[in-house]
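So in our numbering, the last spot in the sequence shown is 279, and the numbers never skip. The beta carbon of each residue, even a glycine, is placed where N, CA and C say it ideally should be.
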Amino acid sequence: MDKLLKNKKNRAFTLVEILIVVIIIGILAGLMALSAGSSTETAEKTACRGDRRTIKSAYYVERAENGKTFKESLKKAMEQFTKGKQLAIAEDRAVYDGICHAGGLYTIITANDGKLLILCTVSGHNENRDILSSNGVYDKIKDLLEALRQGTSNGYVHGDKLMAAVRELIASVYQYNGQLYYFKVDVKYGGDPILFAGIKAPSGGDKYTAEYIYDARNHKWYECSPTLATSNTNLTLNGIYSCIDNNTPYVNSSNVSIFFTEATDFNPTF
Numbered sequence: 010m011d012k013l014l015k016n017k018k019n020r021a022f023t024l025v026e027i028l029i030v031v032i033i034i035g036i037l038a039g040l041m042a043l044s045a046g047s048s049t050e051t052a053e054k055t056a057c058r059g060d061r062r063t064i065k066s067a068y069y070v071e072r073a074e075n076g077k078t079f080k081e082s083l084k085k086a087m088e089q090f091t092k093g094k095q096l097a098i099a100e101d102r103a104v105y106d107g108i109c110h111a112g113g114l115y116t117i118i119t120a121n122d123g124k125l126l127i128l129c130t131v132s133g134h135n136e137n138r139d140i141l142s143s144n145g146v147y148d149k150i151k152d153l154l155e156a157l158r159q160g161t162s163n164g165y166v167h168g169d170k171l172m173a174a175v176r177e178l179i180a181s182v183y184q185y186n187g188q189l190y191y192f193k194v195d196v197k198y199g200g201d202p203i204l205f206a207g208i209k210a211p212s213g214g215d216k217y218t219a220e221y222i223y224d225a226r227n228h229k230w231y232e233c234s235p236t237l238a239t240s241n242t243n244l245t246l247n248g249i250y251s252c253i254d255n256n257t258p259y260v261n262s263s264n265v266s267i268f269f270t271e272a273t274d275f276n277p278t279f
């Protein structure tokens, strides 16, 4: 009887040991998976930064040797990336897909000092640059606008000057429902900045057209229907807020009614 009980104890102890070993193996497997995932992310980030450096170098060489425009120089520099797909290009910026190994989009612009700025939409791929929410970038735009006002006698800052100053801050684009949107900014009569998104590039003649507009009070985006032109002389940010709050249209200088509808799934990052 004692021998039988002893054998049962031995069998139970053996099962416990096996269970412990299984648990340890599971933990080790999980750690290995995490390590592999981390290594993949690091490799993708390194490759992304290397590709962006290559683009910059080729672009600078092309500009220096041939004195071509931004468009021409960039297209030449991108020829080596056979998988790269140009989604949009303007006089001072372009958007490419298919280069980043993690699936990010590249926004490429000529910075104020003539250098090339390349931003990737994948978080962590941009050196010393945080990925910001709409509210975060809006706060930075407000700070920048206030700094610009300090350098004037009456606090007046033209929308063109503000848009040029923040062009690197909001250089990214947003792909939504198959359409690329540029983020732009305007200011009216000493008020707070107007942050909006449109399909027209910030450098074009229609740069003040908005398909979506940002409400900084409740951190929401609203679709403008039809398209809103922030350059309308009778437009103010408080006027837009009033229309949103009262669910009434904004009537522009051409007597066209523009309605604002909350866009719940329009959630860009910068």
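With R102 as the anchor, note down where its beta strand (DSSP E) starts and where it stops.
102–106
I need the boundaries of the beta strand (DSSP E) containing F205, first residue and last residue.
202–207
Given a cut-off of 8 Å, decide if V104 and L204 are closer than it, judged by their beta-carbon atoms.
no
Cutoff 7 Å; reference A86; Cβ partners in own chain excluding five residues on either side
I64, A67, Y68, E71
Separation of R58 from F90, as counted between CA atoms
14 Å
Please confirm whether C252 and F275 have their CB atoms less than 8 Å apart.
no
Proximity below 8 Å, CB of I108 to CB of D60:
yes
Own chain residues within Cβ distance below 6 Å of Y183, not counting five before or after
Y190, P277
Secondary structure at C129, three-state DSSP: helix, strand or coil?
strand
Quick check on the burial criterion: 16 or more other C-beta atoms within 10 angstroms. Buried or exposed for S48?
exposed
Can you check which of these residues, T242, A219, L114, is closest to C233 by C-alpha distance?
A219
Can you look up Y221 in the DSSP assignment and give me helix, strand or coil?
strand
For H228, does the count of other Cβ atoms within 10 angstroms reach 16, so buried, or fall short, so exposed?
exposed
Using a 10 Å radius around the Cβ and a threshold of 16 neighbouring Cβ atoms, would you call N255 buried or exposed?
exposed
Starting from the Cα of A206, find the closest Cα among A111, K216, K197, G199 and give me that residue.
K216
Would you mind reading off the limits of the alpha helix (DSSP H) that contains K84?
79–86
Thinking C-beta only, is V146 closer than 8 Å to L157?
no
How many Å lie between S142 and I179 at the Cα?
11 Å
Just to confirm before moving on: does the CB-CB distance between I117 and L171 stay below 8 Å?
no
Simplified DSSP assignment, three categories, for L153:
helix
Contact with chain B by I253, beta-carbon distance below 8 Å
The chain inventory of the structure shown lacks chain B, comprising one protein chain alone.
Within 10 Å of its beta-carbon, does D169 have 16 or more other beta-carbons around it, so buried, or fewer, so exposed?
exposed
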